[in-house]
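Protein chains in written order, with the working numbering: chain A, 2 to 115; chain B, 59 to 175.
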């Protein structure tokens, strides 16, 4: 079945530091890949997505590239801010048919200090 | 972007009572809605998937008679926790996907925190 493995946290950075959160996946076919962010006490917000190999999703300074050869979708940001402190979830949906269910990674807590 | 709302945002109830949580898609038609629960510092656990006008499909281990799901329209799904007990206390989150918003993308509500005393 499908699975997502993401870097275990927590991750603590200083403001303006470079961020990488690793995510690798196992899936058949061509899944769509997502990063969701959850701020304290809130639901999930879609951060970015990519639907095919070599696509780059980007939003709010965050980027992730769909790498089929390494089955990865690492999240990066060049300069983090305190407001980026949240839990980040990598996820995928399977390809075609009824494979619309999201498979989530366990989440990575990011704390950015001023 | 696509907006999904939930009501209430938090609820406290006594053991043995039932609680209804609403999930609405505000600016698109949600052909499919999903219900999750999340325990503290953990990932989301899918409880059930509902398609408008049909019965919900429950994940293994989720009691369908305890967690009643209704998806009567393209913009509204409800989750009713029947005869709630303290172990049902959790953060319940819905999501929706549908026409015009990419059927492979789920948009999440803000969540409902349920506390059962």
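Every residue gets a Cβ at the ideal spot worked out from N, C-alpha and C, and that includes glycine. Note that the structure is a prediction, hence the values are computed from the model and not measured.
Worksheet item: Any C-beta of chain E sitting closer than 8 angstroms to the C-beta of residue 132 of chain B?
Response: The chain labelled as chain E is not found among the protein chains of the depicted structure, namely A and B.
Practice prompt. Look up residue 92 of chain A in the DSSP assignment and give the residues it is bridged to.
Written response: Along the first chain, read from residue 1 onward, the residue named residue 92 of chain A stands at position 91. Per DSSP, the beta-bridge partners of residue 92 of chain A are A:35, A:105.
Discussion item. Less than 8 angstroms between the C-beta atoms of residue 5 of chain A and residue 91 of chain A, yes or no?
Written reply: As a working note, residue 5 of chain A is residue 4 in the first chain. As a working note, residue 91 of chain A is residue 90 in the first chain. In this structure, residue 91 of chain A lies closer than 8 angstroms to residue 5 of chain A by Cβ.
Worksheet item: Do residue 88 of chain A and residue 110 of chain A have their C-beta atoms within less than 8 angstroms of each other?
Response: Taking the first chain and counting its residues from 1, one reaches residue 88 of chain A at position 87. Taking the first chain and counting its residues from 1, one reaches residue 110 of chain A at position 109. Yes. Within cutoff.
Discussion item. Let me see if you follow: with CB-CB separation under 8 angstroms, is residue 102 of chain B close to chain A or not?
Written reply: To locate residue 102 of chain B, count along the second chain from 1; it is residue 44. Residue 102 of chain B has a beta carbon lying within less than 8 angstroms of a beta carbon in chain A.
Worksheet item: For residue 156 of chain B, which option in B:103, B:165, B:148 has the closest C-alpha, if you only look at C-alpha atoms?
Response: Your numbering for residue 156 of chain B matches position 98 in the second chain. The residue with the shortest Cα to Cα distance from residue 156 of chain B is B:165.
Worksheet item: Thinking C-alpha only, which one of A:9, A:19, A:102, A:112 is nearest residue 116 of chain B?
Response: Indexing the second chain from 1 puts residue 116 of chain B at position 58. Checking every option, the nearest Cα to that of residue 116 of chain B belongs to A:102.
Worksheet item: How many Å lie between residue 129 of chain B and residue 90 of chain B at the Cα?
Response: In the second chain, the residue the question calls residue 129 of chain B occupies position 71. In the second chain, the residue the question calls residue 90 of chain B occupies position 32. One Cα belongs to residue 129 of chain B, the other to residue 90 of chain B, and the distance between them is close to 9 angstroms.
Worksheet item: Who are the neighbours of residue 2 of chain A on chain B, taking C-beta pairs under 7 angstroms?
Response: Residue numbering aside, residue 2 of chain A sits at position 1 when the first chain is read from its first letter. Using a Cβ-Cβ cut-off of 7 angstroms, residue 2 of chain A is close to nothing in chain B; its nearest Cβ partner there is about 13 angstroms away.
Worksheet item: Residues of chain B with a CB under 7 angstroms from the CB of residue 44 of chain A: which are they?
Response: Residue mapping note: residue 44 of chain A aligns to position 43 of the first chain, counting from 1. The answer, in chain order, is 151, 166, 167, 168, 169.
Fill in: residue 121 of chain B (DSSP reduced to helix, strand or coil)
For the purposes of this step, residue 121 of chain B is taken as the residue at position 63 of the second chain. Residue state for residue 121 of chain B is assigned as coil, using DSSP reduced to three classes.
Worksheet item: Taking C-beta to C-beta, are residue 150 of chain B and residue 119 of chain B nearer than 8 angstroms?
Response: Residue 150 of chain B sits at position 92 when you count from the first residue of the second chain. Residue 119 of chain B sits at position 61 when you count from the first residue of the second chain. Contact: no.
Item to complete: Look up residue 84 of chain A in the DSSP assignment and say whether it is helix, strand or coil.
Response: Residue 84 of chain A sits at position 83 when you count from the first residue of the first chain. It is helical.
Worksheet item: Roughly how far, in whole angstroms, is the beta-carbon of residue 114 of chain B from the beta-carbon of residue 127 of chain B, given that I think they are within contact range, below 8 angstroms?
Response: On the second chain, residue 114 of chain B is found 56 positions in, with the first residue counted as 1. On the second chain, residue 127 of chain B is found 69 positions in, with the first residue counted as 1. Right, their Cβ atoms sit about 4 angstroms apart.
Worksheet entry | Where residue 155 of chain B meets chain A, residues with beta-carbon distance less than 8 angstroms | Residue 155 of chain B sits at position 97 when you count from the first residue of the second chain. Within 8 angstroms Cβ-Cβ: 101.
Worksheet item: Does residue 47 of chain A have its Cβ less than 8 angstroms from a Cβ in chain B?
Response: Start at 1 with the first residue of the first chain, and residue 47 of chain A comes out as number 46. At least one CB atom of chain B sits nearer than 8 angstroms to the CB of residue 47 of chain A.
Discussion item. Beta carbons nearer than 9 angstroms to chain A: which residues of the region 80–92 of chain B have them?
Written reply: Of all residues in the region 80–92 of chain B, only 90, 92 come within less than 9 angstroms of chain A when Cβ atoms are compared, listed by chain position.
Discussion item. Using beta carbons (cut-off 8 angstroms, strictly below), is residue 57 of chain A in contact with chain B?
Written reply: If you number the first chain from 1, residue 57 of chain A lands on position 56. Answer no: the Cβ-Cβ gap between residue 57 of chain A and chain B never drops below 8 angstroms.
Worksheet item: When DSSP builds the beta bridges, which residues end up paired with residue 80 of chain B?
Response: Mapped onto the second chain, residue 80 of chain B falls at position 22. Among the bridge pairs identified by DSSP, residue 80 of chain B is matched with B:65, B:136.
Worksheet item: Would you say residue 173 of chain B reaches chain A, if we count a Cβ-Cβ gap shorter than 8 angstroms as a contact?
Response: Counting from 1 along the second chain, the entry for residue 173 of chain B is found at position 115. Taking Cβ atoms only, chain A never reaches closer than 8 angstroms to residue 173 of chain B, which makes this a no.
Item to complete: With DSSP as the reference, please indicate the residues paired to residue 72 of chain B in a beta bridge.
Response: Indexing the second chain from 1 puts residue 72 of chain B at position 14. BP columns for residue 72 of chain B are empty, so no partner.
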